[in-house]
Amino acid sequence: MRVALFITCFNDTLFPDTGKALVTVLERLGHVVDFPAAQTCCGQAHINTGYRRDAVPLMRRFVDVFAGAEAVVAPSASCAGTIRDLYPALANETGDASLAAAVRETGARTWEFTEFLVRRLGVTDVGAYFPHRVTYHPTCHSLRVLRVGDAPERLLRAVRGLDYVPLPQGDECCGFGGTFAVKNADTSVAMLGDKLRAVQATKAEVCVAADNSCLMHIGGALHRQRAGIRIAHIAQVLASTESERLA
């Protein structure tokens, strides 16, 4: 299968290794990965902060850039959720029926990375090896928008050498929420404190998630507290192999 990578501006700017890991996994499984260079931000930040009209050109561009792709895969539930959950209403607001139809068609081909592996490809064992104690933070968009279910956990449990520890109160928000962390800093920090206590209670070496935005929020606090717990996008765990460890 030819897969088009939607890297998202957050990963492209701050976490480029996540995109590389996603490509590594998909190519290991025998798929061809394309990177449409004309892609830009999906407009999620614009939509969430009320600048809906400013997001329309970005929506049109996304539909044009990824037209014809057999599958569009993103290492971010929040951005994939924007395409599938927020774009249809935004397209309807424009009154452009052809755009609305294109948005629906594109959304049907757009997947978050873990759900693509498990639901579209039917794969849980991707040949990974990661000998560490790991816990997984299910992000709000993966839980409540895309409803990826247990796909991430199934992938992690299939990794050789990995000791998976469920996260207590895992369905609670970490407090990031994009601009929520800026506009409601005190509330965000209180929510983050609860999440940190849950992560530390697992005694995990690595906290994993499918969204680097939440991992940045959690990881920054873990670093400031010198907790000794690393963060990693799930794609990085799935890209890891025993041969890399021995190299």
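Plus 544 on top of the position in the sequence shown (first one is 1) and you've got the working numbering.
We put the beta carbon where it would ideally sit given N, CA and C, even for glycine.
Three-state secondary structure (DSSP) of Arg-770
In the three-state scheme derived from DSSP, where H, G and I count as helix and E and B as strand, Arg-770 is classed as coil.
Delimiting residues of the alpha helix (DSSP H) encompassing Cys-553: Run containing Cys-553: 553 to 558, per the alpha helix (DSSP H) assignment.
- Please determine if the stretch 563 to 580 and the stretch 596 to 604 are in contact, where contact requires at least 3 C-beta pairs separated by less than 8 Å. Note that the stretch 563 to 580 does not touch the stretch 596 to 604; fewer than 3 beta-carbon pairs, one per stretch, sit closer than 8 Å.
Whole-angstrom Cβ separation of Val-617 and Leu-700, contact assumed at under 8 Å?
In fact, because the Cβ distance is near 18 Å, the residues do not count as touching under 8 Å.
query: Can you tell which of His-761, Tyr-680 and Cys-623 has the C-alpha that lies nearest to the C-alpha of Thr-654?
result: Comparing Cα positions, the closest option is Cys-623.
Cα-Cα, which of Val-726, Ala-646 and Val-743 is closest to Val-609? Checked all of Val-726, Ala-646 and Val-743; the closest Cα to Val-609 is Ala-646.
| said: Spatial neighbours of Gln-780 within its chain, please: C-beta separation below 6 Å, excluding the five flanking residues on both sides. | reply: These residues qualify, in order along the chain: Ala-565.
Quick one: give me the first and last residue of the alpha helix (DSSP H) that Arg-677 is part of.
Note, Arg-677: premise wrong, no alpha helix (DSSP H); beta strand (DSSP E) at 677 to 680.
- prompt: What residue ranges within the stretch 624 to 702 form continuous beta strand (DSSP E) runs of no fewer than 3 residues, ordered along the chain?
  reply: Qualifying beta strand (DSSP E) stretches, in chain order: 654 to 656 and 677 to 680.
Helix, strand or coil for Ala-581? Go by DSSP, reduced to three states. Ala-581 falls in the coil class under three-state DSSP.
Per-residue burial, Asn-636 [other beta carbons within 10 Å of its own, 16 or more giving buried]
By the 10 Å Cβ count, Asn-636 comes out exposed.
Margin query: Count Cβ pairs between the stretch 672 to 681 and the stretch 655 to 664 that sit closer than 8 Å; are there 3 or more?
Written below: With the cut-off at 8 Å, the stretch 672 to 681 and the stretch 655 to 664 do not touch.
| Bridge partners - Val-616, DSSP secondary structure assignment | Partner(s): Ala-548 and Thr-654.
Check your understanding: Closest to Gln-583 by CA distance: which of Gly-563, Gln-769 and Arg-605 is it?
Key -> Residue nearest to Gln-583 within the set Gly-563, Gln-769 and Arg-605 is Arg-605 (criterion: CA-CA distance).
* alpha helix (DSSP H) segment containing Ala-589, residue limits -> According to the DSSP assignment, Ala-589 belongs to the alpha helix (DSSP H) that extends over 588 to 592.
Candidates Ala-754, Thr-723, Val-547 and Gly-574, of which the one nearest Gly-612 by Cα:
For Gly-612, the nearest C-alpha among the options comes from Val-547.
Is the beta carbon of Thr-568 less than 8 Å from the beta carbon of Ala-783? Against a cut-off of 8 Å, the Cβ pair of Ala-783 and Thr-568 comes out as a contact.
Work out the CA separation of Val-692 and Leu-665 for me, nearest whole Å.
-> The C-alpha of Val-692 is placed about 14 Å away from the C-alpha of Leu-665.
Considering only residues of the same chain and omitting the five flanking positions on each side of Asn-728, which have a CB-CB separation below 6 Å? Excluding sequence neighbours, Asn-728 sits near nothing in its chain.
Got a sec? Which residues, its chain only, sit under 7 Å from Arg-648 by beta carbon, not counting five neighbours each side?
-> These residues qualify, in order along the chain: Pro-632.
Exercise for review: Report yes if the CB atom of Ala-695 is closer than 8 Å to the CB atom of Glu-659, and no otherwise.
Suggested key: Closer than 8 Å, so yes.
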